[in-house]
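Residue numbers (the numbering used here): 626 to 822. Working notes for the structure below.
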Amino acid sequence: TAILIIFEMTGNYKIILPMMITCILSTIVASSLKTGSIYTIKLLRRGVDLSKGLEQNILKNMKVRQIMEKNVVTVPEGMPLVSLISTFKVRNVSYLHMVNKENDLTGIISFRDIRPLLEEEEVNYLIIAKDVATTNVVTVGEDDNIQVAMSLMGNRGISQLPVTGGENGRKLIGTLREKDVIAAYDNAVIRHEIELH
626 TAILIIFEMT
636 GNYKIILPMM
646 ITCILSTIVA
656 SSLKTGSIYT
666 IKLLRRGVDL
676 SKGLEQNILK
686 NMKVRQIMEK
696 NVVTVPEGMP
706 LVSLISTFKV
716 RNVSYLHMVN
726 KENDLTGIIS
736 FRDIRPLLEE
746 EEVNYLIIAK
756 DVATTNVVTV
766 GEDDNIQVAM
776 SLMGNRGISQ
786 LPVTGGENGR
796 KLIGTLREKD
806 VIAAYDNAVI
816 RHEIELH
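In structure tokens form, the structure reads like this:
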């Protein structure tokens, strides 16, 4: 743009080559010193990084607390298998959150974990929640951004994450489901497109 303006102002075509070389060198120097232009730097300060695309910017700016489900199905560590099966049926969920007396998350039980035991009726009262739960549980905090949470879900191949907090960081305060994140993301994209038009 500067090249055309100077040419128009001076009417001297001999100035075009030195001006082009100067513009190219200044662009190279400016790019090596600072990423982005004066326009994109303002956006970066607002948390919008154009180089990462719309998807990552939306996910990065959404917090877990905005999307998490607070109504979580919990079971005590000593609940018998027969009661676990009943809870899965009545509550129509895929995961149960196992908690101790202080409401600290101690494990997750998926329906997949107990499916092999459904045929074993004689042991239904002998097996308890603690026996079938996965205790090495990945969690997120309510202040984590959704991009971090989705990355954890993708790496572990799971569709939901428990949300924990409190002083010890183990109090169960909610759950983040992949389907809720997708719905929130779709709504954010629609809002963004409406704002642009």
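Glycine included, every Cβ here is placed at the ideal spot set by N, Cα and C.
I'd like to check one pair, residue j with residue i: are the Cβ atoms closer than 7 Å?
i, j, result
"His722", "Thr759", "no"
"Ala754", "Met687", "no"
"Ile630", "Met644", "no"
"Tyr720", "Ile733", "yes"
"Val689", "Glu767", "yes"
"Phe632", "Ile646", "no"
"Ile683", "Val806", "no"
With a cut-off of 8 Å on the beta carbons, I'd call residue i and residue j a contact; round off their distance for me.
i, j, result
"Val773", "Val763", "With a Cβ gap of about 11 Å, Val773 and Val763 do not count as contacting."
"Val718", "Asn749", "So it is not a contact: roughly 19 Å between Cβ atoms."
"Thr789", "Val697", "About 11 Å separates the two Cβ atoms, so there is no contact after all."
"Ser685", "Asn770", "For the sequence presented, residue 685 should be read as Lys rather than Ser. The Cβ separation is near 5 Å, so the contact holds."
"Val724", "Leu797", "6 Å"
"Asp729", "Val757", "That belief does not hold up - the Cβ atoms of Asp729 and Val757 are roughly 19 Å apart, past 8 Å."
"Ser784", "Glu803", "4 Å"
Give me whichever residues DSSP pairs with residue i in a beta bridge.
i, result
"Tyr720", "Ser735"
"Thr712", "Paired residue(s): none; Thr712 is not in a bridge."
"Lys659", "Looking at the DSSP assignment, Lys659 forms no beta bridge with any residue, so it has no partner."
"Glu694", "Thr800"
Sufficient close CB pairs (3 or more, under 8 Å) joining the stretch 647-662 to the stretch 733-751: no
Along the chain, which unbroken stretches of the beta strand (DSSP E) at least 3 residues long are found entirely within the stretch 740-819? 785-790 and 796-802
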